[in-house]
Amino acid sequence: MNHNRHPLVLMIGSVLVLSLACDLQGLINQPVIFTPTPNLTLTSVFGTISAFASPTPTQTEKITPPEPSPSVPPPTPTATILPPSATPVPASPTLTNTWIPPTVVPTSTSTPTFTPVSYVGPNMRSGISLSANYMAREPTIDGNFDEWNQERYPVQQVVYGASDWNGARDLSAFVLLGWDEHFLYLASRVRDERYVQNASGHNIYKGDSLELLIDTNVSGDYYDTSMNSDDYQLGLSPGSIGGDVAPEAYLWFPNSLAGSQARIKIGKKLTDDGYRIEARIPWHIFNVTPAMGRHFGFVFSVSDNDSFGENIQQTLVAHVRSRALTNPTTWGDLTLTRAVVTRRPRPGTPITAKRFSSPPLIDGLLAEWTIPPTIVSGLVFGADKWSSIADLTGIAMSGWDTSYLYLASKVVDNEFVQNSQGVYLYLGDSVEVLFDADLAADYSVRDLNGDDYQVGISPGSPTPGLNPSVYLWYPRSKAGSRIQMIVAALPLPDGYVVEIAIPWSVFGVSPSTGDQFGFAFSISDNDNQNRNIQQTMVSSVTTRILTDPTTWGILVLGP
Numbered sequence: 197m198n199h200n201r202h203p204l205v206l207m208i209g210s211v212l213v214l215s216l217a218c219d220l221q222g223l224i225n226q227p228v229i230f231t232p233t234p235n236l237t238l239t240s241v242f243g244t245i246s247a248f249a250s251p252t253p254t255q256t257e258k259i260t261p262p263e264p265s266p267s268v269p270p271p272t273p274t275a276t277i278l279p280p281s282a283t284p285v286p287a288s289p290t291l292t293n294t295w296i297p298p299t300v301v302p303t304s305t306s307t308p309t310f311t312p313v314s315y316v317g318p319n320m321r322s323g324i325s326l327s328a329n330y331m332a333r334e335p336t337i338d339g340n341f342d343e344w345n346q347e348r349y350p351v352q353q354v355v356y357g358a359s360d361w362n363g364a365r366d367l368s369a370f371v372l373l374g375w376d377e378h379f380l381y382l383a384s385r386v387r388d389e390r391y392v393q394n395a396s397g398h399n400i401y402k403g404d405s406l407e408l409l410i411d412t413n414v415s416g417d418y419y420d421t422s423m424n425s426d427d428y429q430l431g432l433s434p435g436s437i438g439g440d441v442a443p444e445a446y447l448w449f450p451n452s453l454a455g456s457q458a459r460i461k462i463g464k465k466l467t468d469d470g471y472r473i474e475a476r477i478p479w480h481i482f483n484v485t486p487a488m489g490r491h492f493g494f495v496f497s498v499s500d501n502d503s504f505g506e507n508i509q510q511t512l513v514a515h516v517r518s519r520a521l522t523n524p525t526t527w528g529d530l531t532l533t534r535a536v537v538t539r540r541p542r543p544g545t546p547i548t549a550k551r552f553s554s555p556p557l558i559d560g561l562l563a564e565w566t567i568p569p570t571i572v573s574g575l576v577f578g579a580d581k582w583s584s585i586a587d588l589t590g591i592a593m594s595g596w597d598t599s600y601l602y603l604a605s606k607v608v609d610n611e612f613v614q615n616s617q618g619v620y621l622y623l624g625d626s627v628e629v630l631f632d633a634d635l636a637a638d639y640s641v642r643d644l645n646g647d648d649y650q651v652g653i654s655p656g657s658p659t660p661g662l663n664p665s666v667y668l669w670y671p672r673s674k675a676g677s678r679i680q681m682i683v684a685a686l687p688l689p690d691g692y693v694v695e696i697a698i699p700w701s702v703f704g705v706s707p708s709t710g711d712q713f714g715f716a717f718s719i720s721d722n723d724n725q726n727r728n729i730q731q732t733m734v735s736s737v738t739t740r741i742l743t744d745p746t747t748w749g750i751l752v753l754g755p
């Protein structure tokens, strides 16, 4: 019975299989609707939306600051010259449309509105601020600083070539700044133990030279990190030693104004340890109308080349450590002030040197000296060790002729001790002469330079008159014993007498009546027979500070 039912079952199964096969074929041909599960990242979410949604997302503008010009100036890139690999500076900021993912699904297809980005900010840079004082009288541009009494600002931050910099003697400076309605004035004293400048034109930065960076519209582009047409890069060259390369000013930036600037006047003087330079710069070069209280972005820098056989910029020091040439936001501030410059008198009463018609005999006797003496009693060192006038005081007299500066001194010292020689002679009883050979050039300069001299004279050892000696401490480049100076000394019951003749050639001076020099005459004392030590010093000038010539007095060459 069961076997009789099998054909029927097979028939029914075949029909069902055929029916299902037809239905499956229809399913395969129909599209599958798929909705992805949202990812947890914004990138994936908006990637899915952008793939299936039709609206175009709203674009948001992004300002890309322009890069500096490649041609400012054209030479090989250094810390001073704009690198040639930079992108040219456009006339106006470039708008770059960069899509930024919206926080909601965009629904608008309107055209985006571009709003220019403003660089406007404060009118004064936050960096180091220098002041340019108003100058009622135009200074003579000759490399002398006799008309300058401004604040001096140090320039010693190494911003390029640190590996070639060997300290302040290798390259350092200070700068003074002034202004009037027509000009910006500057004076700079540069220490540079090897002066090299053989380049000209746009290459002056490859020799010893100065650089000014000036932003004339600080508030207008306070936040702009690239240079534009109101930023200036100006170089000043003192010229070559021999004069075959003349002093020169060259403007590197703006590129459209680049070239030599004949209207800028430069004066320079080479010194024993560097050079002095003055400049008068017309305001119209910067397209500026000056006014009291006006601010500028500003950096003052000095370039150095110590290679006589090659034009190359080795080192650059600036007054601002952050200085980046092409980024004005790293510059400092220059403020025009109304303070009127007045010449500060030197301390003390000027000492007049008598002109000798015939030279005095340097023998320790003072028969030829009929000059009113200068009292030497101002305590300038070791006041706690000084007991009385009998311990240490003195008088000094001065004279001159065309060959020598003559000095004579009677010293009161109740205990003579001198066991030192050479560089250490100041550790015993001795006298010291401070002499500024070019007072007019650096009247207000408060540090020693190559025309300032420190001379020590020992009356003798172990007693006055026995083995007197002379030692020149400063300038360091000339330091050493000076046998060409003539010294004689004699003991006295209460001290000693010393007489000195110093050739003018030691100071590099050709004297004439009326000449003035910075001057201080001082006496050192040691009362300790068992120790070489400077215990006390008295001076002709109570304000005497060894390293600050403005604290010295004045010596006048009389008739």
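Here my numbering runs 196 ahead of the position in the sequence shown, where the first position is 1. Glycine is no exception: its CB is placed at the ideal position from the N, C-alpha and C atoms. Remember, predicted model here, so these are calculated numbers, not experimental data.
Closest residue to residue i among the options (Cα-Cα distance)
i    : options                   : result
G590 : P569, P660, Q510 and A563 : P569
I437 : F552, V316 and A395       : A395
S720 : L382, Q614 and G416       : Q614
F703 : L630, H378, L562 and W748 : L630
N319 : G528, S384, Q429 and I477 : G528
D597 : S325, P707, G397 and F496 : P707
S553 : Y602, I547, L432 and G624 : Y602
G397 : S456, D417, E389 and M423 : S456
D625 : I410, G754 and N722       : N722
G754 : Q510, S327, P546 and R387 : P546
D647 : L742, W361, V386 and T467 : T467
E444 : P450, G431, N451 and L380 : G431
I729 : I679, W669, Y620 and T412 : Y620
D338 : S384, G323 and R321       : S384
Q680 : P699, L512 and T732       : P699
I571 : L561, E334, A685 and K606 : K606
S583 : G463, D609, G560 and T566 : D609
P655 : S503, Y639, P478 and L688 : L688
Q712 : F492, F482 and Y639       : Y639
S518 : R727, I508 and F494       : F494
I756 : D502, F504 and Q429       : Because residue 756 is not part of the residues shown, which for the chain are 197 to 755, the question remains open.
Q731 : G578, A442 and W565       : G578
S594 : L686, E389 and A697       : A697
F379 : A586, N329 and F370       : N329
A675 : Q650, T421 and Y692       : Q650
Cross-strand partners of residue i (DSSP beta bridge)
i    : result
R387 : S368 and G470
T548 : V752
Q712 : V752
N329 : G374 and T533
D404 : Answer is none; D404 lacks a bridge partner.
H491 : T531
V513 : V354 and V498
K606 : I591 and V693
I719 : V627 and V734
T570 : A592
Y315 : Y315 pairs with nothing; no bridge assigned.
Residue span of the beta strand (DSSP E) that contains residue i, given as start and end
i    : result
W596 : T589 to W596
G574 : G574 to F577
V734 : T732 to S735
Contact under 8 Å by Cβ, residue i with residue j
i    : j    : result
A592 : F717 : yes
P524 : Y471 : no
V683 : V666 : yes
K465 : A475 : no
V737 : G749 : yes
S673 : D469 : yes
A364 : R387 : yes
L512 : L326 : no
G714 : P671 : no
E695 : A563 : no
V351 : H515 : yes
A458 : L447 : no
R551 : T659 : no
Where the alpha helix (DSSP H) containing residue i begins and where it ends
i    : result
V351 : Run containing V351: none in the alpha helix (DSSP H); it sits in the beta strand (DSSP E), Y349 to V351.
F703 : W700 to F703
request  = Taking only runs that begin and end inside the stretch 413 to 486, name each unbroken beta strand (DSSP E) of 3 or more residues, in chain order.
outcome  = 427 to 433, 444 to 449, 461 to 467 and 470 to 478
inquiry  = List, from N- to C-terminal side, the beta strand (DSSP E) runs of 3 residues or more that fit wholly inside the stretch 608 to 686.
reply    = 626 to 632, 648 to 654 and 665 to 670
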